[in-house]
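Numbered by full-length UniProt numbering, the letters in the sequence shown go through residues 1 to 698 in order.
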Amino acid sequence: MDQDSFHDDGASKEKPPRNTFRRPRAGRACGSCHTKRVRCDAGIRGLPCTNCTAFSVECSIPPKKKEREGETAGSLKRTRHRKRNAPEFPASKGPSSSPEPEYAGNYAKLIQPEVAESAIQNPGRVFYLAEMSNMSVLVHEYSNPASKVHYQLPSDWEQRSLVSNGTDDIELEILRARGALSLPSKEVCDELVDAFFTWVAPIVPIINKASFMKQYRDPNNPPSILLMQAILLAGSRVYPSDIPLDSSKSSATIFYQRAKALYDADYEKDRVTTVQSLILLGWYWEDPATVTKNVFYWNGVAVSIAHGFGMHRSAADSDLSIQDKRLWKRIWWTLFTRDRSVAAALGRPCHIDMRDSDVEMITEEDFIEHNGEPNTTHIQFFLSYVKLSMVMDQIMDENYSTTAKRNAAVFTQCNQALTDWLHSCPREVKWTEGRYDFWSNYLHCIYQTASSLLYRAYLPTSVTRSRKTPRWSPAFQSAEVTAFLVEDLMAHDELQYTPPFMIYTILSALIVQIYQLRKTSPDPITASSLNERISTCMQALEAVSKTWLVATMVHELCENILGWCVPDAPAHEHLQPAGFGITVGDFGAQTPEEHTWLNEKRERMELPVRTKPLTKGLKDFLDAALQFTGSPASDSSNSDIASSERAAQRPRRQVLLDQGLQFLPEDEELEWDDDEQPRTPVSTGLNPALWSEFFGCT
Numbered sequence: 001m002d003q004d005s006f007h008d009d010g011a012s013k014e015k016p017p018r019n020t021f022r023r024p025r026a027g028r029a030c031g032s033c034h035t036k037r038v039r040c041d042a043g044i045r046g047l048p049c050t051n052c053t054a055f056s057v058e059c060s061i062p063p064k065k066k067e068r069e070g071e072t073a074g075s076l077k078r079t080r081h082r083k084r085n086a087p088e089f090p091a092s093k094g095p096s097s098s099p100e101p102e103y104a105g106n107y108a109k110l111i112q113p114e115v116a117e118s119a120i121q122n123p124g125r126v127f128y129l130a131e132m133s134n135m136s137v138l139v140h141e142y143s144n145p146a147s148k149v150h151y152q153l154p155s156d157w158e159q160r161s162l163v164s165n166g167t168d169d170i171e172l173e174i175l176r177a178r179g180a181l182s183l184p185s186k187e188v189c190d191e192l193v194d195a196f197f198t199w200v201a202p203i204v205p206i207i208n209k210a211s212f213m214k215q216y217r218d219p220n221n222p223p224s225i226l227l228m229q230a231i232l233l234a235g236s237r238v239y240p241s242d243i244p245l246d247s248s249k250s251s252a253t254i255f256y257q258r259a260k261a262l263y264d265a266d267y268e269k270d271r272v273t274t275v276q277s278l279i280l281l282g283w284y285w286e287d288p289a290t291v292t293k294n295v296f297y298w299n300g301v302a303v304s305i306a307h308g309f310g311m312h313r314s315a316a317d318s319d320l321s322i323q324d325k326r327l328w329k330r331i332w333w334t335l336f337t338r339d340r341s342v343a344a345a346l347g348r349p350c351h352i353d354m355r356d357s358d359v360e361m362i363t364e365e366d367f368i369e370h371n372g373e374p375n376t377t378h379i380q381f382f383l384s385y386v387k388l389s390m391v392m393d394q395i396m397d398e399n400y401s402t403t404a405k406r407n408a409a410v411f412t413q414c415n416q417a418l419t420d421w422l423h424s425c426p427r428e429v430k431w432t433e434g435r436y437d438f439w440s441n442y443l444h445c446i447y448q449t450a451s452s453l454l455y456r457a458y459l460p461t462s463v464t465r466s467r468k469t470p471r472w473s474p475a476f477q478s479a480e481v482t483a484f485l486v487e488d489l490m491a492h493d494e495l496q497y498t499p500p501f502m503i504y505t506i507l508s509a510l511i512v513q514i515y516q517l518r519k520t521s522p523d524p525i526t527a528s529s530l531n532e533r534i535s536t537c538m539q540a541l542e543a544v545s546k547t548w549l550v551a552t553m554v555h556e557l558c559e560n561i562l563g564w565c566v567p568d569a570p571a572h573e574h575l576q577p578a579g580f581g582i583t584v585g586d587f588g589a590q591t592p593e594e595h596t597w598l599n600e601k602r603e604r605m606e607l608p609v610r611t612k613p614l615t616k617g618l619k620d621f622l623d624a625a626l627q628f629t630g631s632p633a634s635d636s637s638n639s640d641i642a643s644s645e646r647a648a649q650r651p652r653r654q655v656l657l658d659q660g661l662q663f664l665p666e667d668e669e670l671e672w673d674d675d676e677q678p679r680t681p682v683s684t685g686l687n688p689a690l691w692s693e694f695f696g697c698t
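Given below as structure tokens:
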């Protein structure tokens, strides 16, 4: 800036401000008036203006001239002057409100054809671009096909992310102090990895066994330490004996704490590996006070991360490899099965809304691995498990949601879905008498649980007074078959290998049988059969508690429930596990020998006897769940069949097997009252908060 102009600027600054009136600028003149330099009223009158009308000429407003993209010499001088006089500030080390140039440039790289169409080399660092994203408008112009939503992160973007999120020295020292970076001996790892792939992987097929074992045997390219700790955790749950790790804690607790420490430190950068590990963290829930970071929490976090990189969307058009596409599909459907199972067991909402997903249905081809021999039984188990979870989802949505409308049409539709599943069950996992198979048995335990979930919603309650208490209900038969299946698992000493959902299965059978005791007046033979089944379920809970500590709490809770559910019993009897507060007269039994299972149970008891009754919260919960309405209903039709006729019948187990595990014969119909107001049933999934209250953890 020259000296004269500088002084002019200074003089102008010293002049006092003047109140001036500036005439508002008129609208643009038309081309004819602008050329003649005459006043134009086109901005007021519109086209044509008065002058053009008078001279009968064409009236139009010329387009504006484009502004120059370059800067004038004066503006450049002013810019240099501002930069010269601007104070200098040190670069901020904290987070910036606006992206750095190189970081923002990486977003722009996504619209480059060579980036948008590049193959995905690292499936754990995938960028998901949803249709509603603003960037998708530009990126999809270069995508082929346009429906693709998964992209490989630009290499420099990925490297920058890895560097900025690296684990510092302090965190590494903490992880080493916690043993998170350590593994047991090779022999122990071999045993637990083998147990994992034998008993856990078929239920959660989220790991390519061939690829994992190749890394596992290669000391120069080992698998992720987070995934390794999670696998050891899950494997320790199904290992016959505890692993000695020079600690007073259980091996499962040690592996869980190590895996959790690694996750909390963001040690693992591969998001697919993180999701796999979080699913397996759900194989731990020991503390009754842990009502937050339990299986519901870990599965929810896994679903959230999977949503983040688009695992809920079809990868058919992506540039993932065939093996990665298959693995993603297996992981997603595993998340779905876990989500529905946990929702049913704990009475919680589902994390996954299938309306947001377009992942194709899983097939046998999705289990094909390089250098791996597929197990047909395991494949058919999981395929059937997915379909059964979809049926369970339908049952929960149409019968237990806040918008549920329970009526004959809804029941028929859900019951037909169960029937179709049973008829289409592959022979490899179809349960048949005389042929025991663990996976077939456990799959049909899930089926009976789903059946009980449906039939239980239509049991008569105090609200549905127009219905009489039935002596027959498909829910009763479903609970009966569940006891048979559980008995077979115990006979083959394989109940310990079942996942934690088995606890809910056993609990469902117990709840229904308690309802049957409460709402019906069973004859002596029926009462004796009920005694045996309740005994079987209680023994099963005790056996499962060797693997799942939470089963110990459920076992103790059920003992208190059995002692409390009969109001006629003396107040102190609910404190005595041996009698459960149930007298011989309550079952209509004739001799005390018919209740010898109670005495046997007392002899086997290893748990401390509770000295307090159920809490008010649990009583209210059970009142709603079981719909206890006072004394057992007296229905004369319950005793129509004489004991001699019952004795002449075939064994009950064979009768149920002949029915093909279906309990809705043509000659039996449920009574409906369509005028009744829909009522949302209360799930019998135990709320962890109520457990904490009962066990004094609050």
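Don't be surprised by glycine CBs; every beta carbon is placed ideally from N, CA and C. In this text the structure is predicted, and so the values were computed from the model without any measurement.
Assumed close pair residue i, residue j - CB separation to whole angstroms, cut-off 8 Å
i, j, result
"V429", "I503", "Their Cβ separation, rounded to whole angstroms, is 22 Å, which puts V429 and I503 out of contact at 8 Å."
"Y497", "S473", "31 Å between Cβ atoms; not a contact."
"I231", "V275", "Rounded, the Cβ-Cβ distance is 14 Å, inconsistent with contact."
"residue 701", "F367", "Not covered by the structure: residue 701. The range shown for the chain is 1 to 698."
"W332", "M311", "5 Å"
"I352", "V303", "6 Å"
"L233", "W283", "6 Å"
"I362", "R330", "7 Å"
"S452", "L418", "Not confirmed; about 11 Å, so no contact."
"V342", "V295", "6 Å"
Those residues which DSSP pairs with residue i across a bridge
i, result
"R435", "T432"
Beta-carbon proximity list for residue i, same chain, < 6 Å, skipping 5 on both sides
i, result
"V550", "W285"
"W431", "S440, H444"
"E369", "N208, A210"
"S277", "L226, L227, A230"
"L510", "C537, C558"
"L47", "C59"
"N399", "R406, A457"
"Y256", "L233, Y284"
Nonlocal neighbours in the same chain, by C-beta distance under 7 Å from residue i, ignoring five residues either side
i, result
"R340", "C350, S389, M392, D393"
"S250", "D242"
"M258", "The question names Met, yet the displayed sequence has Arg at residue 258. Excluding positions up to five away in sequence, the list reads R178, G179, A180, Q229."
"T253", "E286"
"T337", "Y385, V386, S389"
"D358", "R313, S314"
Buried or exposed (CB count within 10 angstroms, at least 16 for buried), residue i
i, result
"A479", "buried"
"P244", "exposed"
"R435", "exposed"
"Q448", "buried"
"residue 699", "The chain is shown from 1 up to 698; residue 699 falls before or after that span and cannot be answered."
"M396", "buried"
"T536", "buried"
"P499", "buried"
"A54", "exposed"
"E556", "buried"
"I44", "exposed"
"N371", "exposed"
"N220", "exposed"
"S32", "buried"
"I322", "exposed"
"P184", "buried"
"V412", "Reading off the sequence, residue 412 comes out as Thr, not Val. It is exposed - the Cβ of T412 has fewer than 16 other Cβ atoms within 10 Å."
"residue 699", "Residue 699 cannot be examined here, being either before or after the span of the chain that is shown, 1 to 698."
"A491", "exposed"
"R39", "exposed"
Spatial neighbours of residue i in its chain, beta-carbon cut-off 8 Å, leaving aside the 5 residues before and after
i, result
"P240", "Q496"
"A409", "none"
"S384", "W421, C425, P426, V429, L443"
"R37", "none"
"R533", "A479, E480, A483, A509, Q513"
Sequence ranges, beta strand (DSSP E) only - wholly within the UniProt domain "Zn(2)-C6 fungal-type" (29–61), length at least 3: none
Can you give, in chain order, each stretch of the beta strand (DSSP E) that sits fully within the region 376–409 and has at least 3 residues? none
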